[in-house]
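Top line first, the protein sequences correspond to chains G and Y.
Residue 56 is where the first sequence starts when you use my numbering, and the numbers rise one by one after that.
Residue 56 is where the second sequence starts when you use my numbering, and the numbers rise one by one after that.
Notes follow once the structure below has been shown.
Number of protein chains: 2
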Amino acid sequence: MRVLVAEDDKGLRDVIVLGLQDNGYRVDAVERGDDAIDQLKWYEYDVAIIDWRMPGREGIDVVAWARKHDRPTALLMLTARDTPADRIRGLDAGADDYLVKPFDFGELLARVRALQRRPRGVDAPVLERGRLALDPVKRLVVVDGRAVGLTATEYLILELLVRRTPAVVDRKAIAEHAWADETDPLGSNAIDVQMSRLRAKLPSAGFRIVTVRGAGYRLEEV
Amino acid sequence: MRVLVAEDDKGLRDVIVLGLQDNGYRVDAVERGDDAIDQLKWYEYDVAIIDWRMPGREGIDVVAWARKHDRPTALLMLTARDTPADRIRGLDAGADDYLVKPFDFGELLARVRALQRRPRGVDAPVLERGRLALDPVKRLVVVDGRAVGLTATEYLILELLVRRTPAVVDRKAIAEHAWADETDPLGSNAIDVQMSRLRAKLPSAGFRIVTVRGAGYRLEEV
DNA sequence: AGAGCGTCGTCATCGAATCGACAGGGACGA
DNA sequence: TCGTCCCTGTCGATTCGATGACGACGCTCT
């Protein structure tokens, strides 16, 4: 199973490469976007892990190139920043999934496995935590088989929390993720209110939204 | 039951072949359009699954060839892009049904079953949801045995919703599917109006068109 | 060609869902 | 114990979607 890693931060790149190799993957790594395109041009990878910001070519250019040329590789983007606009651009360009930094390596492994298991683009990755299942493509949240009606904002926040579990997500990250106008809700209690509403709608979903005072929020399995 | 798979993307081809074999089909696979024609020339398949874009010959050429030579094989096209023009070209060439990538494998299975169930040329409705039957080839909608008169635009939108059930279909997808000029109706409320008309024409068809505020629309069985 | 019909986009209006502001109270840490 | 941070109920503004009316356009039939 061949994986291409395109990431310019040497530390992170090494972690990913070594971790994947430990798990039996055959891994190539590049640190520039144009090098990534070259590799994709000449070799068939099953999965490519592509950083958003890179010298040479942006990650999104790499994704767009791969899609345009109909490469058979599943594309997983790594994004450091995370605004709705960015996310939409990434998925529109043809990424199959994305991970927001910082991420848990186990999570990366799980998504790589999910990507290699399915034909490109065919089945959306479903996020699961506890008794909750969250389908980003169907935009559907299900607890114990029953759909839960979330508003757009609630959904975005929950998705972020689930994707980052078990890390603490700070208010700034939440604001950037769920609001296009990145900083507006920081001065207000809009985030608090949304959290309250989320907790009310997901009373016993197999996890809790835990407040980490002064730092942010975190999802915790019960 | 013999099936021919013509698909150049190795990953997708393998998934389809293995999946069909798991379900008891005898499967042959090729990766080029001209090879597909050769196979169809010498063997009788019940169903052929044919990718639109392939090296050698385009999928549409394969379909046209099979029709011209009166092969007894039901033809299912796989199309990546999805504009009204493409779709019409495919069906005009003689495909019996089509699937838009990305698709769910269960959906593929269902359509293969539907195709093998009917003798070629005798058109049976292929899409069914609740008490609604929808025939993509004849562009006909039937509820409880009674035909419902839908306009072209209404039909296209309903078809998309049915095919994607139970996923949420966003306005952009609807616009691209039902309007050749992909972005025009996004700034207007044309989509809302069409939805309203659809709902009015299909009052108790065994499903509801559910609005997912801020995300799109979704078909829900009653 | 012209009448008649059907289709579809636009507009205006209405209703409802959503979301942030606010405020009072509670929890936590120093 | 005090100050700060957080929780949550209520309320109103705003946005978003639904729907009826209208008119432009294209087709068909005569």
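Cβ coordinates follow ideal geometry from the N, Cα and C atoms, glycine included.
All figures in this text were calculated on a predicted structure; none of them were measured in a lab.
Partners in chain G for residue i, counting only beta-carbon separations shorter than 8 angstroms
i     : result
K65/Y : E99 and P127
Whether residue i touches residue j by CB criterion (7 angstroms)
i      : j      : result
G114/Y : D106/Y : yes
G209/G : L253/G : It is Glu, not Gly, that sits at residue 209/G in the sequence shown. Against a cut-off of 7 angstroms, the Cβ pair of L253/G and E209/G comes out as a contact.
D93/G  : L59/G  : no
L117/Y : A91/Y  : A small correction: the amino acid at residue 117/Y is Val; Leu does not occupy that position in the sequence shown. Against a cut-off of 7 angstroms, the Cβ pair of A91/Y and V117/Y comes out as a contact.
L170/G : A121/G : no
R81/Y  : R112/Y : no
P127/G : D64/Y  : yes
L205/G : V196/G : yes
G269/Y : A245/G : no
D152/Y : R168/Y : no
Amino acids of chain G, ordered along the chain, whose beta-carbon sits closer than 7 angstroms to that of residue i
i      : result
G242/Y : Going along chain G, no residue has its Cβ under 7 angstroms from G242/Y, so there is no contact; the nearest lies around 18 angstroms.
Under 9 angstroms from the C-beta of residue i: neighbouring residues of chain Y
i      : result
T206/G : R268 and G269
Reference residue i, options the options, closest by Cα
i      : options                           : result
F158/G : A245/G, T208/G, D151/G and V223/G : V223/G
V198/Y : F262/Y, R268/Y and V72/Y          : F262/Y
T134/G : L170/G, D93/G and H232/G          : H232/G
E62/G  : S259/G, G88/G, G79/G and V167/G   : G88/G
I212/G : A202/G, R201/G, N78/G and R226/G  : R226/G
G200/G : A169/G, A260/G and A230/G         : A260/G
T266/G : W234/G, L216/G and S243/G         : L216/G
R108/Y : M132/Y, R268/Y, A245/Y and Q76/Y  : M132/Y
G74/G  : A202/G, E162/G and K193/G         : E162/G
A103/G : A207/G, I71/G, A245/G and A230/G  : I71/G
D95/Y  : Y153/Y, A119/Y and D152/Y         : Reading off the sequence, residue 95/Y comes out as Leu, not Asp. Out of Y153/Y, A119/Y and D152/Y, A119/Y has the C-alpha closest to the C-alpha of L95/Y.
L67/Y  : W234/Y, F160/Y, W97/Y and A255/Y  : F160/Y
D69/Y  : D101/G, W97/G, D77/G and V85/G    : D101/G
T154/Y : E214/Y, I229/Y, E99/Y and S243/Y  : Here residue 154/Y turns out to be Leu, not Thr, going by the sequence shown. Nearest C-alpha to L154/Y: E214/Y.
L164/Y : I264/Y, W234/Y, G79/Y and W97/Y   : G79/Y
A255/Y : R194/Y, D190/Y and V203/Y         : V203/Y
A229/Y : G242/Y, S243/Y, K123/Y and G271/Y : Contrary to the premise, residue 229/Y reads as Ile rather than Ala in this sequence. Considering only alpha carbons, the answer is G271/Y.
Partners in chain Y for residue i, counting only beta-carbon separations shorter than 7 angstroms
i      : result
L213/G : Simply none; closest approach about 14 angstroms.
R194/G : V223, V267 and A270
Distance cut-off 6 angstroms: residue i Cβ against heavy atoms of the ligand SAH
i      : result
E275/Y : Although the ligand SAH was asked about, the structure shown includes no ligands whatsoever.
- At least 3 beta-carbon pairs within less than 8 angstroms: the segment 247-254 of chain Y vs the segment 185-196 of chain G: When C-beta atoms of the segment 247-254 of chain Y are compared with those of the segment 185-196 of chain G, fewer than three pairs fall below 8 angstroms, so the two segments do not count as touching.
- Task: Would you check if there are 3 or more beta carbon pairs closer than 8 angstroms linking the segment 210-224 of chain Y to the segment 263-276 of chain Y?
- Result: Yes, they touch.
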